[in-house]
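Novice: Have a look at this one before I ask anything.
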DNA sequence: ATATATATATAGAACATCGATATATGAGAG
DNA sequence: CTCTCATATATCGATGTTCTATATATATAT
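Chains as they are written, first to last, in the numbering used here: chain P, 162 to 277; chain W, 162 to 277.
Printed below as a string of structure tokens:
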């Protein structure tokens, strides 16, 4: 099942950083991996991914290096920096807060299990 | 805790329809109710809400009527139509799919609990 | 030789939210 | 009585995120 693209907004960076926390990856691989893990809920487009990766690099969240695949092809691998790890932690916390809040509204209930 | 606004994208319509499923409400009330239930995670802005309500009305998802408050003040109440109820069901299903998919990626795991 | 999958890149369009601003009324303070 | 603040609705331009379309290049399969 595909979901409306606007739902994806904001979660894309979180997902990419999470992938890179596990191991270095190249762009095309991230697209495939996200689709695989989500049963095709996430079909991130190349036109979205590459500019985002460049931006994360400029912000010092990831590093890039080139490496040759078995078949001679040169790929651009990305690795998470410590700063990127910090952003990942922030984004994970945000996601938990956000998804809890949505579920709370959907349950139709007032606040509970929280600060008061 | 506030979350990045881009996370909200796509979920706003779901949340509004959900509120209206429970009872008719006016715009200002929806803003306050969402903030209350989410412990201020959702602080929907008037500049976002009113155009969205007008759009939902044009699409036949909600009906509008004016009603006087105890204090003479005239408010615009919104009620969910059957078409709107259909959209709400769709959006709720989308949300479940989406949030499950994110959590699956965050768990770092391959797919399970799904179609294969 | 040609088509298809892999791999990266950029520009312009579409869409959702926000901030700023405007208007009007009711309630409370001084 | 007047001034301010909370309530209540509305619109516009700016911003940010994703998409589609397009481009390029190499490896693989037909």
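Glycine included, C-beta positions come from ideal geometry on N, C-alpha and C.
(1) Give every residue of the same chain whose Cβ lies closer than 6 Å to the Cβ of residue 238 (chain P), excluding the five residues on either side of it in the sequence, and list them in chain order.
(2) Determine the DSSP secondary structure at residue 254 (chain P), reduced to helix, strand or coil.
(3) May I ask you to report which of helix, strand or coil DSSP gives residue 218 (chain P)?
(4) Would you say residue 262 (chain W) lies against chain P (beta-carbon separation less than 7 Å)?
(5) What are the start and end residues of the alpha helix (DSSP H) that includes residue 241 (chain W)?
(6) Under 8 Å: do the region 249-267 of chain P and the region 255-272 of chain W share three or more Cβ pairs, one atom per stretch?
(7) Looking at the strands, I want to know which residues DSSP matches up with residue 228 (chain W).
(8) Where do the ends of the alpha helix (DSSP H) carrying residue 173 (chain W) lie?
(9) Return the residues of the region 216-238 of chain P that lie within a Cβ-Cβ distance of less than 7 Å from chain W, sorted by chain order.
(10) Determine the DSSP secondary structure at residue 191 (chain P), reduced to helix, strand or coil.
(11) So, for residue 162 (chain W): in the same chain, excluding its five sequence neighbours on each side, which residues have a beta-carbon less than 7 Å away from its beta-carbon?
(12) May I ask you to report which of helix, strand or coil DSSP gives residue 223 (chain W)?
(13) Under the assumption that residue 315 (chain W) contacts residue 168 (chain W) (Cβ atoms under 8 Å), give the Cβ distance between them as a whole number of angstroms.
(14) Within this structure, are the beta carbons of residue 241 (chain W) and residue 182 (chain W) separated by less than 7 Å?
(15) Contact criterion: CB-CB distance below 7 Å. Does residue 273 (chain W) meet it with respect to chain P?
(16) Alpha carbon to alpha carbon, what distance is there between residue 191 (chain P) and residue 232 (chain P)?
(17) Please identify, using Cβ separations under 7 Å, the residues of the region 162-183 of chain P that lie next to chain W, in order along the chain.
Specialist: With the given structure in hand:
(1) The sequence position of residue 238 (chain P) within the first chain is 77, counting from 1. If we look at residue 238 (chain P) and ignore the five residues flanking it on each side, its Cβ neighbours are 185, 187, 226 and 228.
(2) The sequence position of residue 254 (chain P) within the first chain is 93, counting from 1. Under the three-state reduction of DSSP output, residue 254 (chain P) falls in the helix class.
(3) Start at 1 with the first residue of the first chain, and residue 218 (chain P) comes out as number 57. Assignment of residue 218 (chain P) by DSSP, reduced to helix, strand and coil, places it in the helix class.
(4) Position 101 of the second chain, counting from 1, holds the residue named residue 262 (chain W). Yes, residue 262 (chain W) lies at the interface with chain P (some Cβ there is under 7 Å from its Cβ).
(5) In the second chain, counting from the first residue as 1, residue 241 (chain W) sits at position 80. In the DSSP assignment, residue 241 (chain W) falls outside any alpha helix (DSSP H) and lies within the beta strand (DSSP E) extending over 235-241.
(6) The region 249-267 of chain P vs the region 255-272 of chain W: in contact.
(7) Mapped onto the second chain, residue 228 (chain W) falls at position 67. Residue pairing by DSSP places residue 228 (chain W) opposite W:236 in a beta bridge.
(8) In the second chain, residue 173 (chain W) corresponds to position 12, counting from 1. Where residue 173 (chain W) is concerned, the enclosing alpha helix (DSSP H) stretches over 172-183.
(9) Sequence-ordered contacts of the region 216-238 of chain P with chain W are nonexistent [C-beta pairs closer than 7 Å].
(10) Numbered from its first residue, the first chain carries residue 191 (chain P) at position 30. Reduced to three states, the DSSP call for residue 191 (chain P) is helix.
(11) What you label residue 162 (chain W) is simply residue 1 of the second chain in a count that begins at 1. For residue 162 (chain W), where only same-chain residues beyond five positions count, the Cβ hits under 7 Å are 202.
(12) For this step, residue 223 (chain W) is matched to residue 62 along the second chain. Three-state DSSP puts residue 223 (chain W) in a strand.
(13) A question about residue 315 (chain W) goes unanswered here, because the residues of chain W that appear run from 162 up to 277.
(14) The sequence position of residue 241 (chain W) within the second chain is 80, counting from 1. The sequence position of residue 182 (chain W) within the second chain is 21, counting from 1. Result yes, Cβ atoms of residue 241 (chain W) and residue 182 (chain W) sit closer than 7 Å.
(15) Locating residue 273 (chain W) in the second chain gives position 112, where the first residue counts as 1. Reliability fails at residue 273 (chain W), whose pLDDT of 49 lies under 50, so the model's placement of it is uncertain and the value that follows must be treated cautiously. No, residue 273 (chain W) lies away from the interface with chain P (no Cβ there is under 7 Å from its Cβ).
(16) In the first chain, residue 232 (chain P) corresponds to position 71, counting from 1. In the first chain, residue 191 (chain P) corresponds to position 30, counting from 1. A straight-line Cα-Cα distance of about 19 Å links residue 232 (chain P) and residue 191 (chain P).
(17) Residues passing the 7 Å Cβ filter: 162, 164, 165, 167, 168, 170, 171, 172, 176, 179 and 183.
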